[in-house]
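Enquirer: What follows is a structure written as structure tokens; I'll ask about it next.
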Amino acid sequence: MTDGEDSRPVFGRVALIGLGLIASSMGHAMKAQGLAGEIVGHAQSEASRAAALEIGFVDRVAATAAEAVAGADLVVLAVPVGAMGAVAAEIAPHLAQGATVTDVGSVKQAVIEAVAPHLPAGVHFVPSHPLAGTEQSGPRSGFATLFVNRWWLLCPAEDAAPEAVARLRRLYEGMGANVDTMEPAHHDLVLAVVSHTPHLIAYTMVGVADHLRRVSQQEVIKYSASGFRDFTRIAASDPVMWRDVFLTNKEATLDILGRFTEELFMLQRAIRMGDGQQLHDYFSRTRAIRRGIIEAGQDTAAPDFGRSKPAT
Ligand code: NAP
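Here the sequence shown is numbered in the working numbering, starting from 44 and rising by one per residue.
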């Protein structure tokens, strides 16, 4: 995919800070579509930097984040949410005038508060979040089609330069994503509903099963073809990433968890009272929501959700 009618990349030099699932998928996608002139990568460990080079989703790596961003037109912060502020402080003096900085963090308000104060005037900060991922992490987990037909939300400040926002949008659309803009606080609430709280529930359910040690070593694993298997897939997600999500999206997650607990008590009572009508009505409503997600193209109706391997 190219910038407008000509065949030039959307950005000349792109620096990926963090070389995990999201950054490696971005690297693969940018290379596949010719969206970047050069991709420079940095991760904290030598092992991840070496893996990125070997796989080839970056053209070169740098030992420090400061070195990686020198001369970059676009800097992507793809580290855990809790590390964003320190990385921003490190790179700030080395950013090129006119460069765009984005992040891909799962929480937006806390990242903006941590990053924005460090960035110098003349650098465009356009926070973003791809609503795409898997339970895998690290440089070997990425693939070029991760963002295809997935939403990628931009949360620019009101005074952000429209050209910088438009250019980033072109990059993400070039990777196959659908791009929308959203106000950061609203983003955090929406994500608490569609992603953060469901992950917490999956972690809890797997934790509960694990407590039942008598069955967990035998039946739970053996018969996990039912709903439990999807919970274990989600609960296998990266512990650092998800720790940071809950520490930084505290208010919205607690709000949604409060509502969740109320609904759970209501269903618990319906079960205790033998109120089949209430259970049936509730499950009919949730089934309709699932149909809506399929109709919106955000999942398929195939009954193997989460089990087939993503295309690379
Ligand atoms: P990941 O696979 O765990 O990779 C994280 C990367 O960040 C690793 O390469 C790690 O280096 C590097 N890193 C951590 N701290 C660093 C530091 N201080 N300086 C430099 N590099 C550092 O993570 P991910 O899944 O790609 O997530 C990255 C970001 O995207 C997170 O903010 C997350 O919230 C967001 N996100 C994730 C998903 C998802 O489903 N996974 C979806 C959307 C958005 P080492 O490899 O050397 O440890």
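No residue lacks a Cβ here, since even glycine has one placed at the ideal position from N, Cα and C. Just so we're clear, the structure is a prediction, and the values are computed from it rather than from any experiment.
(1) Where does the unbroken alpha helix (DSSP H) through Thr247 begin, and where does it stop?
(2) Can you tell me whether Leu117 is helix, strand or coil according to DSSP?
(3) Could you give the distance in angstroms between the alpha-carbon of Pro353 and the alpha-carbon of Glu178?
(4) Can Ala200 and Ala72 be called in contact, C-beta distance under 8 Å?
(5) Any heavy atom of the ligand NAP closer than 7 Å to the CB of Val122?
(6) Any heavy atom of the ligand NAP closer than 7 Å to the beta-carbon of Gly70?
(7) Within this structure, are the beta carbons of Leu162 and Ala135 separated by less than 8 Å?
(8) Let me confirm a value: Pro160 is counted as buried when at least 16 other C-beta atoms fall within 10 Å, else exposed. Which label applies?
(9) What residue from Arg213, Phe326, Ser280 has the CA that sits closest to Pro42's CA?
(10) Using only alpha-carbon positions, find the residue among Ala164, Leu138, Ala207, His323 that is nearest to Ser171.
(11) Leaving out the 5 sequence neighbours to the left and right, which residues in its chain are closer than 8 Å to Leu211 when beta-carbon positions are compared?
(12) Cα separation between Met44 and Gly250?
(13) Are the C-beta atoms of Arg276 and some chain C residue less than 8 Å apart?
(14) Helix, strand or coil, according to DSSP, for Asp289 in the structure here?
(15) Less than 7 Å between the CB of Met225 and some heavy atom of the ligand NAP, yes or no?
(16) Three or more C-beta pairs closer than 8 Å, one from the region 54-71 and one from the region 112-126: is that the case here?
(17) Grouping DSSP H, G and I as helix and E and B as strand, with all else coil, what is Glu81?
(18) According to DSSP, is Asp223 helix, strand or coil?
(19) How would you label Arg286, buried or exposed, when you count the other beta carbons within 10 angstroms and need 16 or more for buried?
(20) Would you say Ala109 and His137 are within 8 Å of each other, going by their C-beta atoms?
(21) On the three-state DSSP scale, how would you describe Ser67?
(22) DSSP three-state label for Pro170, please.
(23) Should Phe274 go down as buried or exposed, given a rule of 16 or more other Cβ atoms within 10 Å for buried?
(24) Count the other C-beta atoms from every protein chain shown that fall within 10 angstroms of the C-beta of Gly148, then say buried if there are 16 or more, exposed otherwise.
(25) Would you mind working out which of Ile264, Val112, Gln140, Ala139 sits nearest Val130, comparing C-alpha positions?
(26) Can you tell which of Ala295, Gln87, Pro123, Glu133 has its C-alpha closest to the C-alpha of Pro227?
(27) Give the secondary structure of Leu197 by DSSP, where H, G and I count as helix, E and B as strand, and everything else as coil.
(28) For Gly217 and Tyr266, what's the separation of their Cα atoms in angstroms?
(29) Under DSSP, the beta strand (DSSP E) around Ala106 begins and ends at which residues?
(30) Decide if Pro52 is buried, meaning its Cβ has at least 16 other Cβ atoms within 10 Å, or exposed.
Expert: The short version:
(1) 240-254
(2) strand
(3) Residue placement at Pro353 is flagged as unreliable, the pLDDT there being 43, under the threshold of 50; the coordinate-derived value follows with that caveat. Distance between the alpha carbons of Pro353 and Glu178 is about 12 Å.
(4) no
(5) yes
(6) no
(7) yes
(8) exposed
(9) In the structure as shown, the chain begins at 44 and stops at 355. Residue 42 is therefore absent and cannot be evaluated.
(10) Ala207
(11) Leu117, Thr143, Thr145, Val169, Ser171, Leu197
(12) Legend: pLDDT at Met44 = 44, less than 50; position of this residue unreliable, value from coordinates given subsequently. Straight-line Cα distance between these residues: approximately 44 Å.
(13) The structure shown contains no chain C; it holds only a single protein chain.
(14) Checking the sequence shown, residue 289 turns out to be Phe, not Asp. The answer is helix: DSSP assigns Phe289 an H, G or I state.
(15) no
(16) yes
(17) strand
(18) strand
(19) exposed
(20) yes
(21) helix
(22) coil
(23) buried
(24) buried
(25) Val112
(26) Ala295
(27) strand
(28) 42 Å
(29) Here Ala106 belongs to no beta strand (DSSP E), and DSSP marks it neither H nor E.
(30) buried
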